[in-house]
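Structure, as structure tokens:
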Amino acid sequence: MFLIIILISLTAGIIISLQQTINGKLGQVVGILESALISFAVGTLFLFIIFIYSNDNPLLLLNMPKLYLSSAFFGIVFLTIMPLVIPKIGVTNALVMVIIGQLLCGLIIDHFGLFGSQIIQFDIKKLIGIIFLCLSLVFMFINKSKPSLQRH
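Structural data, given as structure tokens:
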């Protein structure tokens, strides 16, 4: 079962990379806000269709804590920022910075048990992991400064 969870998580990472690459190009073609709008509109349409054919109770949405609505705001910010930065620094660099941001925020959420999360204490191993991840970003940006061959 744990292997399945790992594979699902890796699949989510692949999907995020593909989605952000395409969204970055879309932002260059139609504009940054427009690309975020298109992403949310198409995603909402697909989710609406799935929701209609599911057995979920739509009344449950009315009883959820209003704090959960903030996730939509965070999604909008993410989908607006990424098309802005990807053309300038590349998909890999942008996603490594996203991962570092996610890990730092996740460490804070875990350590303090924010939003009802399980408390998982911060330790030296996690600090070392964050340091190595930040170093990987430094090496990626050093490589970015070298000229590359353009495809024709």
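So the mapping is simple: this note's numbering equals the position in the sequence shown, first residue as 1, plus 20. Idealized CB from N, CA, C, for every residue including glycine. Since we're looking at a predicted model, the values are computed, not measured.
*How big is the Cα-Cα spacing for V116 and S156?*
8 Å
*What are the start and end residues of the alpha helix (DSSP H) that includes D130?*
DSSP places D130 in the uninterrupted alpha helix (DSSP H) bounded by 111–132.
_Distance CB(P107)-CB(Q40) smaller than 7 Å_ = no
*Within 10 angstroms of its Cβ, does P167 collect 16 or more other Cβ (buried), or is it exposed?*
Here the model assigns P167 a pLDDT of 47, short of 50, so the residue's position is not dependable and the matter cannot be decided.
*Where A32 falls, given that 16 or more other Cβ within 10 Å makes a residue buried*: exposed
*Which of helix, strand or coil DSSP assigns to Q141*: coil
*Does the beta-carbon of G44 have 16 or more other beta-carbons within 10 angstroms, so that it is buried, or is it exposed?*
buried
*asked:* Within a Cβ cutoff of 8 Å, which residues of the same chain sit near L123, ignoring the five residues on either side of it in sequence?
replied: G149, I150, L153
*A61 classed as buried or exposed, judged by whether at least 16 other C-beta atoms fall within 10 angstroms*: That one is exposed.
_Counting C-beta neighbours from all protein chains within 10 Å, is the total for S137 16 or more, i.e. buried, or is it exposed?_
Counting Cβ neighbours within 10 Å, S137 comes out exposed, since fewer than 16 surround it.
*asked:* Which runs of the alpha helix (DSSP H) at least 4 residues long sit entirely within the segment 32–62? Give them in chain order.
replied: none
*Which term fits F21, buried or exposed, when burial requires 16 or more other beta carbons within 10 angstroms of its beta carbon?*
Reading the sequence as shown, one finds Met at residue 21 and not Phe. Classification for M21: exposed.
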